[in-house]
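For reference, the structure is listed below as structure tokens.
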Amino acid sequence: MQVRTGTAPSGEIGIHYEDMGDPGDPAVVLIMGLGAQMIFWRSGFCEKLVNRGLRVIRFDNRDVGLSGKLPGHHSGAPLLPRMARSFVGLASPAAYTLEDMADDAAALLDHLDIDRAHVVGASMGGMIAQVFGARHHARTRSLGVIFSSNNQAALPPPGPQQLLAVLGKPAGSDRDAIVDNAVRVTKIIGSPGFPRPDDVIRAEAVEGYDRSYYPAGVGRQFAAILGSGSLRRYNRQTTAPTVVIHGKADKLMRPSGGRAIARAIPGARLVLFDGMGHELPEPLWDDIVGELETTFVQAM
């Protein structure tokens with residue numbers, strides 16, 4: 001599989017990316033979630049897309065991985081009032097917004113000289129994808145939104161254990177403590193129907209830590225979610241064929257979030273998987289890729 005790497009300029013920062021497959025094939029842009037590096041789109045998953053005749057681009061969002069950081073930017077007011085505003089669909093002040101992050105993806109397409117792409121996002125990446133699909137509708141062939149939400153008012157909140165795990169701090173600042181915490185979080189938000197061995201989860205956590213560890217960016221990315229408010233206004237403007245994929249066992253981003261997106265986007269198709277939590281279980285990769293491909297074909 002051909003893999004090309006680089007950094008695309010987006011305003012004052014650079015966006016690190018990997019570009020896989022034949023440059024002449026239709027492009028798929030993969031957008032990952034809160035604090036998650038592009039490697040959370042596992043290479044094996046990407047390869048399945050490439051093998052179906054697609055050019056696959058994964059990238060690190062701003063403030064994570066090898067992309068540019070914004071350390072001088074403040075994430076806004078205290079967290080609890082901002083979360084309360086988000087529950088009723090209102091925005092809060094933030095260093096940057098999901099709109100800015102969607103524009104990063106557009107800048108990446110500009111850099112790669114790609115006019116239009118299939119856009120697929122997971123979790124916060126799914127929110128960015130929703131914004132992209134409306135804000136850059138002419139560049140969106142199709143939309144895939146995986147275990148995400150449109151943050152409309154009064155949706156059921158995340159499970160307390162799952163939310164505290166994601167937003168909590170490790171017991172220490174050394175490598176082992178941070179890796180231990182990542183393993184714990186992954187198991188709490190993961191897929192009860194598809195349990196994974198601890199050593200596999202730990203190996204992925206070590207890979208992520210050794211590639212980049214930048215917790216300050218997570219706070220600013222979370223502020224971007226809270227700073228963008230309800231995304232229903234973007235859902236109503238979306239015209240691209242859309243599939244919404246969610247796990248029935250997801251307690252961090254509950255299935256009600258996926259249902260809300262599917263109801264709000266005209267013609268969107270909802271696919272729910274038993275036993276799937278807030279991750280992409282490898283036993284479901286073929287099914288998930290198949291659902292995405294069905295939507296890609298609609299857009300051809």
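Residue numbers for the sequence shown, in the UniProt record's numbering: 1 to 300. Note that CB positions come from ideal geometry on N, CA and C, so glycine has one too. Values in this document were obtained by computation on a predicted structure and should not be read as measured data.
Query - Contact under 9 Å by Cβ, Thr238 with Ala268 - result: yes
Query - Ala129 to Glu12 span [Cα, whole Å] - result: 22 Å
Query raised in the report: What are the uninterrupted segments assigned as beta strand (DSSP E) that are 3 or more residues long and contained completely in the region 201-275, given in chain order?
Result: Those beta strand (DSSP E) runs which fall completely within the region 201-275 and span 3+ residues are 242-247 and 269-273.
Query raised in the report: Which of helix, strand or coil does DSSP assign to Ile114?
Result: coil
Report task. Starting from Leu19, trace the beta strand (DSSP E) both ways and give me its first and last residue. Result -> Sequence check: residue 19 is Asp here, not Leu. Its beta strand (DSSP E) spans residues Ile13 to Met20.
Query raised in the report: What is the residue span of the beta strand (DSSP E) that Gly133 lies within?
Result: It is not in any beta strand (DSSP E) - Gly133 instead sits in the alpha helix (DSSP H) that spans Met124 to Arg135.
Query raised in the report: Is Ala102 helix, strand or coil by DSSP?
Result: helix
Query raised in the report: When you compare each of Met38, Val28 and Ala240 to Arg52 by their alpha carbons, which one comes out closest?
Result: Val28
Report task. Can you tell me which of the three DSSP states Val289 falls into? Result -> helix
Query - Neighbourhood of Val3 by C-beta, 8 Å cutoff - its chain only, sequence neighbours within 5 removed - result: Glu18, Asp19 and Met20
Query - Residue from Ala36, Cys46 and Val120 with nearest C-alpha to Leu66 - result: Ala36
Query raised in the report: Can the beta-carbon of Ala8 be found less than 9 Å from the beta-carbon of Leu98?
Result: no
Requested in this report: Have a look at Glu279, Arg254, Ile57 and Gly290 and flag the residue whose alpha-carbon is nearest the alpha-carbon of Gly159.
Outcome: Arg254
Requested in this report: Would you tell me roughly how many angstroms separate the C-alpha atoms of Ser230 and Asn151, rounded to the nearest one?
Outcome: 5 Å
Report task. Sort Leu49, Phe40 and Ile114 by Cα distance to Gly24 and report the nearest one. Result -> Ile114
Query raised in the report: Skipping 5 residues on each side, what residues in its chain have a beta carbon closer than 8 Å to that of Ile225?
Result: Hits under 8 Å: Leu34, Ser86, Leu98, Met124, Met127 and Asn151.
Query raised in the report: Are the Cβ atoms of Val244 and Ile265 separated by less than 9 Å?
Result: yes
Report task. Using the Cα positions of Pro157 and Leu252, report the straight-line distance between them to the nearest angstrom. Result -> Looking at the two C-alpha atoms, the distance is approximately 8 Å.
Report task. Might you give, ordered along the chain, the residues of its own chain that have their beta carbon closer than 7 Å to the beta carbon of Val185, omitting 5 neighbours on each side? Result -> Listed in chain order, the non-local C-beta contacts of Val185 below 7 Å within the same chain comprise Ala165 and Val166, local neighbours out to five positions each way being set aside.
Query - Backbone CA spacing between Ala102 and Pro215 [nearest angstrom] - result: Approximately 21 Å between the Cα atoms of the pair.
Requested in this report: Report the rounded CA-to-CA distance for Leu54 versus Arg259, giving the unit in angstroms.
Outcome: 28 Å
**Report entry** Own chain, CB closer than 7 Å to Asp274, minus 5 neighbours either side, in chain order
**Finding:** Gly193 and Lys248
Query raised in the report: Quick one: what's got a C-beta closer than 7 Å to Arg175's C-beta in the same chain, skipping five residues either side?
Result: Tyr209
Report task. Would you mind sorting Thr5 into buried or exposed? The rule is 16 or more other CB atoms within 10 Å of its CB. Result -> With fewer than 16 neighbouring CB atoms inside 10 Å of its own CB, Thr5 falls in the exposed class.
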